[in-house]
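In what follows, a structure is listed as structure tokens, so that the remarks can point back to it.
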Amino acid sequence: MAKSENGALSRFVGWIERVGNKLPHIFWIFLFFWLLVIALSGVLAGVSAVAPGSNEKIEIISLLNRKGLDWILSNMVGNFTKFPPLGLVLVMMMAAGFAERAGFIPAIMKTLTTVPDKLMIPAIFIIGMCSNLASDAGTVIIPPLTAALFYARKKDPIFGLILGYVAAASGFTANLFIAGTDVLLAGITNTSARIADPSYNVYPTANYFFMIASVFVVTIVGTVFTIKFAMPRLARWDPEYEHAQVPHEYLTPLTERELSSMKKAGMAAFGFFLLMFILTLVPGGPLRDPVKNTIVPSIFLRGMIPILFVFFIIAGWVYGRNVGTVKKPADMINYMV
Numbered sequence: 330m331a332k333s334e335n336g337a338l339s340r341f342v343g344w345i346e347r348v349g350n351k352l353p354h355i356f357w358i359f360l361f362f363w364l365l366v367i368a369l370s371g372v373l374a375g376v377s378a379v380a381p382g383s384n385e386k387i388e389i390i391s392l393l394n395r396k397g398l399d400w401i402l403s404n405m406v407g408n409f410t411k412f413p414p415l416g417l418v419l420v421m422m423m424a425a426g427f428a429e430r431a432g433f434i435p436a437i438m439k440t441l442t443t444v445p446d447k448l449m450i451p452a453i454f455i456i457g458m459c460s461n462l463a464s465d466a467g468t469v470i471i472p473p474l475t476a477a478l479f480y481a482r483k484k485d486p487i488f489g490l491i492l493g494y495v496a497a498a499s500g501f502t503a504n505l506f507i508a509g510t511d512v513l514l515a516g517i518t519n520t521s522a523r524i525a526d527p528s529y530n531v532y533p534t535a536n537y538f539f540m541i542a543s544v545f546v547v548t549i550v551g552t553v554f555t556i557k558f559a560m561p562r563l564a565r566w567d568p569e570y571e572h573a574q575v576p577h578e579y580l581t582p583l584t585e586r587e588l589s590s591m592k593k594a595g596m597a598a599f600g601f602f603l604l605m606f607i608l609t610l611v612p613g614g615p616l617r618d619p620v621k622n623t624i625v626p627s628i629f630l631r632g633m634i635p636i637l638f639v640f641f642i643i644a645g646w647v648y649g650r651n652v653g654t655v656k657k658p659a660d661m662i663n664y665m666v
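For what it's worth, this note's numbering labels the leading residue of the sequence shown as 330, then goes sequentially.
Set out below in structure tokens:
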């Protein structure tokens with residue numbers, strides 16, 4: 330009976346895989362919906378509704394006439410530049426890019442090489458999810474690292490590559506810490522909620538307990554699925570992998586100099602966050618809300634993105650200076666771009 334149920338589940342997973350492989354590239358999906366919106370605007374032109382809260386009458390305008398074409402061309406660039414995630418991604422990618430090229434982020438990720446085999450899969454999920462603290466950098470760094478990790482342990486490196494991406498992307502906003510994404514989502518939610526209630530406020534801490542719990546839920550589910558279903562189907566070691574050329578930096582353990590540099594960078598980063606917390610927790614602190622003198626809301630929470638930016642700059646600079654990857658101030662600028 331158990332074997333039959335396992336076979337049925339395996340066939341279902343295979344069906345999901347086949348359907349997923351037939352989906353077009355995400356670009357074409359977005360383009361399809363963009364054209365669909367334009368077509369629907371022509372069909373529903375003139376239909377109106379009353380906006381809740383303001384009682385303003387809003388009417389659908391066709392995008393298939395001259396006026397609609399003018400609106401599309403006039404607002405296309407603005408729609409892109411005003412997209413809320415754009416600022417977060419650009420700012421965090423500069424800071425994370427510097428910390429990554431200075432070697433700080435790869436050094437943290439390489440701590441996976443010391444994890445025992447039994448804990449390797451859950452460790453990949455936890456570190457992969459928490460890597461979103463550096464915005465999209467985790468989805469770039471984690472996959473090749475896990476591929477090399479699997480290769481070093483005689484496991485399929487291609488499966489390791491996929492698993493690394495899944496770990497970094499499956500729980501992208503789940504984290505043990507408040508991240509820049511929480512600030513971003515709070516801003517988007519406030520924009521929507523204030524349509525109905527202009528005084529409504531959602532703070533970056535709104536999802537915090539849920540996100541902490543999500544780290545462990547996704548880790549447990551992902552680990553069980555990976556070990557019980559995905560690895561037996563896909564993670565087969567091919568003898569040809571023996572001749573593969575893997576960058577040695579992914580396989581070699583951290584040197585004493587790198588470990589010492591990590592400790593110094595960690596102490597500097599901890600000192601920075603400790604200072605931020607003191608300036609926030611102390612009554613009347615400069616990072617509290619200037620009007621309500623509260624922690625939620627506060628300047629600290631609203632400024633989480635630039636605070637994380639400075640965090641990665643400090644950690645990357647201290648690590649790079651001690652390990653020798655950052656030799657002069659110009660290196661910081663070059664690494665950012």
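In this text, a Cβ means the ideal position worked out from N, Cα and C, and glycines have one as well.
Nothing here was measured: the structure is a model prediction, and the numbers come from that model.
Inter-residue Cα distance where the pair is M633 and I471: 24 Å
L492 and T475 closer than 7 Å at C-beta: Yes. Within cutoff.
Distance CB(A497)-CB(S543) smaller than 7 Å: Judged by their CB atoms, A497 and S543 are not nearer to each other than the 7 Å cut-off.
Range of the contiguous beta strand (DSSP E) that encloses E388: 386-388
F488 versus W357 - alpha carbon distance: 27 Å
Segment contact flag, the stretch 606-624 with the stretch 384-394, C-beta cutoff 8 Å, min 3 pairs: no
Spatial neighbours of E385 in its chain, beta-carbon cut-off 8 Å, leaving aside the 5 residues before and after: Scanning its chain for C-beta atoms nearer than 8 Å, with the 5 sequence neighbours on each side dropped, one finds around E385 the residues V379, in chain order.
Cβ contact (3+ pairs, closer than 8 Å) linking the stretch 440-458 and the stretch 528-537: no
G649 burial status per 10 Å Cβ neighbour count (16 or more: buried): buried
Assigned exposure category for M405 - 16 Cβ within 10 Å defines buried: exposed
Assigned secondary structure, V379 (DSSP; H/G/I helix, E/B strand, else coil): strand
Straight-line Cα distance separating A598 from I642: 9 Å
Whole-angstrom C-beta distance between M605 and I556, which should lie under 8 Å: With a Cβ gap of about 39 Å, I556 and M605 do not count as contacting.
Assigned secondary structure, M330 (DSSP; H/G/I helix, E/B strand, else coil): Caution applies to M330, whose pLDDT of 44 falls short of 50 and renders its modelled position unreliable; the value that the coordinates give is listed next. M330: coil per DSSP, three-state reduction.
Rounded straight-line distance, which links the Cα of L583 to that of D618: 42 Å
Segment contact flag, the stretch 584-592 with the stretch 556-573, C-beta cutoff 8 Å, min 3 pairs: no
H572 to A481 span [Cα, whole Å]: Roughly 13 Å separates the two Cα atoms.
Element boundaries [alpha helix (DSSP H), containing L392]: Looking at the DSSP string, L392 is not in any alpha helix (DSSP H), and its letter there is neither H nor E.
For P435, the nearest candidate out of G457, P527, G416 (CA to CA): G457
V547 and A503 closer than 7 Å at C-beta: yes
Whether G551 touches F454 by CB criterion (7 Å): yes
Buried or exposed (CB count within 10 angstroms, at least 16 for buried), A331: With a pLDDT of 46 at A331, under the threshold of 50, the predicted position of this residue should be treated as unreliable, though the coordinate-derived value follows. With fewer than 16 Cβ atoms within 10 Å of its Cβ, A331 is classed as exposed.
Through-space distance from K411 to F501, alpha-carbon basis: 22 Å
Cβ neighbour criterion (16 or more within 10 Å) applied to S627: Per the 10 Å Cβ criterion, buried.
Residues that S627 bridges to, as DSSP identifies them: R617
G645 and F506 closer than 7 Å at C-beta: No.
Rounded separation between L398 and G600 - CA only: 54 Å
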